[in-house]
Amino acid sequence: MPSDIGENNNFQKLPAQTAQWTIKKVKESWNYFFRALKTYKKHPELFSGPPRPPKYKNKDGEFILIFTNQQCSIDNGILKFPKIMDLEVKTRLDDV
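Each residue of the sequence shown is one higher than the one before, counting from 597 in my numbering.
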């Protein structure tokens, strides 16, 4: 993990597994960008324009938040998230 990320207070508030998945998704986005850029240089006719680097999503828009099966549980048909979420969702499942 880059050293400056650990100093970000918001990043530190995330559960460890969620933080790791966030880093993984950011890395994946940049890898796709560089792969597209390489292909664009060889075959620009395959693209409608030059690839653009990944950017932050709009704060008022949708976003992805990843929780693993180790962070969530289903109890009596209720999907329970980590304590930081303070959220429960009814499901058709009893227990897992």
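No residue lacks a Cβ here, since even glycine has one placed at the ideal position from N, Cα and C.
Source: prediction; values computed, not measured.
May I ask which residues mark the beginning and end of the alpha helix (DSSP H) holding residue i?
i      : result
Leu633 : Ala612 to Lys638
My guess is that residue i and residue j are in contact by the Cβ rule of under 8 Å, so how many angstroms apart are they, rounded?
i      : j      : result
Glu614 : Phe677 : The amino acid occupying residue 614 in the given sequence is Thr; Glu does not appear at that position. That pair is no contact at about 10 Å.
Lys686 : Ile670 : Actually they are not in contact, since the Cβ atoms of Lys686 and Ile670 sit about 10 Å apart, beyond 8 Å.
Measuring CB to CB, does residue i end up less than 7 Å from residue j?
i      : j      : result
Phe630 : Pro650 : no
Ala693 : Pro647 : Given a span of 597 to 692 for the chain in the structure shown, any question on residue 693 remains unanswerable.
Tyr652 : Phe643 : no
Pro611 : Gln667 : yes
Is the Cβ of residue i closer than 7 Å to any Cβ of chain C?
i      : result
Tyr628 : Going by chain labels, chain C is absent from the structure shown, which holds only one protein chain.
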